[in-house]
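Residues in the sequence shown are numbered consecutively from 1487, following the working numbering.
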Amino acid sequence: MTSNITSPAPRSSSNVSLPETLWSLTIPLLISHPSSPNPPFITTLPRFSYLSLLLPRLTSYFNLPCSSFHHEEIQLRNLPLGLLVDLYQPGSLPWKLTLGRGPEWDIGDTFLNGAKEADFVRFGTAKGIMGMSKADTEGLWNGVVDNDFAAFNKIQTRLLNPPNPLKSIPLRFYIPSPTSTSRVPSSPAPAFDFKVLQTLIPPRTASRAPQTLGSALRTLIPTLFPSSRDPVLANVIMHGAAVPFSAPLEELMREAAYPDGWVCLIVVLL
1487 MTSNITSPAP RSSSNVSLPE TLWSLTIPLL ISHPSSPNPP FITTLPRFSY LSLLLPRLTS
1547 YFNLPCSSFH HEEIQLRNLP LGLLVDLYQP GSLPWKLTLG RGPEWDIGDT FLNGAKEADF
1607 VRFGTAKGIM GMSKADTEGL WNGVVDNDFA AFNKIQTRLL NPPNPLKSIP LRFYIPSPTS
1667 TSRVPSSPAP AFDFKVLQTL IPPRTASRAP QTLGSALRTL IPTLFPSSRD PVLANVIMHG
1727 AAVPFSAPLE ELMREAAYPD GWVCLIVVLL
C-alpha cells in the first residue's frame, strides 16, 4: 500500500513516534447494502480498528440486518482494517465495500484472545495478560475502540516488558494466492485467497545476533527468499510499505505490531 490509499490524521507536532503515526492513519470507506435504497454510508476508520465496530451504525442507517463485509463478492475475514487493505489492495479510495449476512462474533473477545496468544508466544506464558485487572483488560480493548494510543500504550508497555525474558516473536506471514496475475509492475497483487504461516521465531539467532526479518524469511520460506539481505523473488510489506530485510524482528514487534501484539507481514511476489 502506498500513501494514496491511507490518509493520516492531522498532527500538531513532527516529533511523533512510529506507533503514534501508525495509530493516526485512517482509511476512507464507502459502504453499501444491496437490499437498501439508501445511499452508501461514507466514513473513515483507523487502520488499527475493525470493520465490525461499524455494524451497529450500519444496521441503524440501512435499517436492515448486516453482519459481514464484502470486497468484490469476497467475504472479508475478521482482521484489522489496515491488514485487510494490505491484503486486498483496493485500486482507489474510498474503499468500496458491501454488506451481507455472515457469521456473527464478539470482536472484543476475538481481539483479547489474539492478545493472549501473542503474550504466550512472547514469553512462554500468558500470565502477563491473564493477571491484569478487569479494568486494564477492558482498557486494552477500549483503547482500540476509541483509537486512544496513549491509554492503550500505558497497558501494552507493561505487557511488553515483564521480568521474564522474551522467547519468541508473535509473527504471521500472509502469503497471497491471487486469481489474476495482471497488475502494475512492482505493486502488490490483490489477495483473493491467502494462507497464513505462523511459527516460533526467537528474537536472537544461535550466535546471539539480533534476528532480522531477512534471516527469518530465509529460514522459514527459503524458496521465495533465498537471500537474507535483499528481495530476489518476493518482498514483504507491512502497513503498506516494504520492510527492510535488515529490520530486527524485536524492533518490529515493539514499534509496528498490530494492537493485539502480532507482527503481520504480507508476502508479495516480484
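Yeah, the Cβ is synthetic: ideal placement off N, Cα and C, and Gly gets one too.
Beta-carbon proximity of residue i to residue j, cut-off 8 Å
i, j, result
"Thr-1691", "Gln-1684", "no"
"Ile-1687", "Leu-1583", "no"
"Trp-1591", "Pro-1514", "no"
"Gly-1747", "Ala-1601", "yes"
"Asn-1564", "Tyr-1547", "no"
"Leu-1544", "Cys-1552", "yes"
"Val-1607", "Ser-1654", "yes"
"Pro-1526", "Leu-1511", "no"
"Leu-1652", "Glu-1736", "yes"
"Gly-1625", "Ile-1641", "yes"
Three-state secondary structure assigned by DSSP to residue i
i, result
"Val-1631", "helix"
"Leu-1540", "helix"
"Leu-1565", "coil"
"Ala-1728", "strand"
"Arg-1669", "Only weak support exists for where Arg-1669 lies, its pLDDT of 45 falling under 50; the coordinates are left without a value."
"Ile-1707", "coil"
"Tyr-1574", "helix"
"Pro-1526", "coil"
"Arg-1658", "strand"
"Cys-1750", "strand"
"Ala-1675", "Unreliable placement is indicated for Ala-1675, whose pLDDT of 48 sits below 50; the coordinate value is still reported in the next sentence. Coil."
"Thr-1545", "helix"
"Arg-1644", "helix"
"Lys-1653", "coil"
"Leu-1756", "coil"
"Phe-1534", "coil"
"Asn-1721", "strand"
Integer Cβ distance of residue i from residue j, believed to fall under 8 Å
i, j, result
"Val-1722", "Val-1754", "7 Å"
"Ala-1702", "Leu-1710", "That belief does not hold up - the Cβ atoms of Ala-1702 and Leu-1710 are roughly 12 Å apart, past 8 Å."
"Phe-1656", "Met-1724", "Rather than Phe, the amino acid found at residue 1656 in this sequence is Pro. That belief does not hold up - the Cβ atoms of Pro-1656 and Met-1724 are roughly 13 Å apart, past 8 Å."
"Asp-1680", "Asn-1650", "One detail in the question is off: residue 1680 reads as Phe in this sequence, not Asp. Between Asn-1650 and Phe-1680 the Cβ distance is about 33 Å, and since that is not below 8 Å, they are no contact."
"Leu-1585", "His-1519", "5 Å"
Same chain only: Cβ atoms within 7 Å of residue i, ignoring 5 sequence neighbours per side
i, result
"Val-1630", "Phe-1534, Ser-1535, Phe-1597, Phe-1638 and Pro-1745"
"Leu-1570", "Leu-1562"
"Gly-1588", "Ser-1553, Ser-1554 and Gln-1561"
"Trp-1474", "Beyond the ends of the chain as shown, which are 1487 and 1756, falls residue 1474; an answer cannot be given."
"Ala-1733", "Thr-1698 and Leu-1699"
Close beta carbons around residue i, own chain, < 6 Å, minus the five adjacent residues each side
i, result
"Leu-1751", "Phe-1659, Val-1722 and Met-1724"
"Ser-1714", "Gly-1700, Ser-1701 and Arg-1704"
"Glu-1506", "Phe-1635"
"Ala-1743", "Val-1749"
Bounding residues of the alpha helix (DSSP H) (the contiguous stretch that carries residue i)
i, result
"Pro-1505", "1504-1510"
"Leu-1735", "1735-1742"
Range of the contiguous beta strand (DSSP E) that encloses residue i
i, result
"Lys-1582", "1581-1586"
"Phe-1606", "Premise fails: Phe-1606 lies in the alpha helix (DSSP H), 1593-1609, not in any beta strand (DSSP E)."
"Ile-1615", "Here Ile-1615 belongs to no beta strand (DSSP E); instead the alpha helix (DSSP H) covers 1613-1616."
"His-1519", "First-last for His-1519: undefined, no H or E at that position."
"Leu-1683", "1680-1684"
"Ser-1554", "1554-1557"
Close Cβ partners of residue i (< 8 Å) along its chain, the five nearest in sequence each way excluded
i, result
"Ala-1677", "Confidence is the limiting factor: at Ala-1677 the pLDDT is only 48, short of 50, which leaves the residue's position unreliable and the question unanswerable from this model."
"Val-1718", "Phe-1711, Pro-1712 and Leu-1756"
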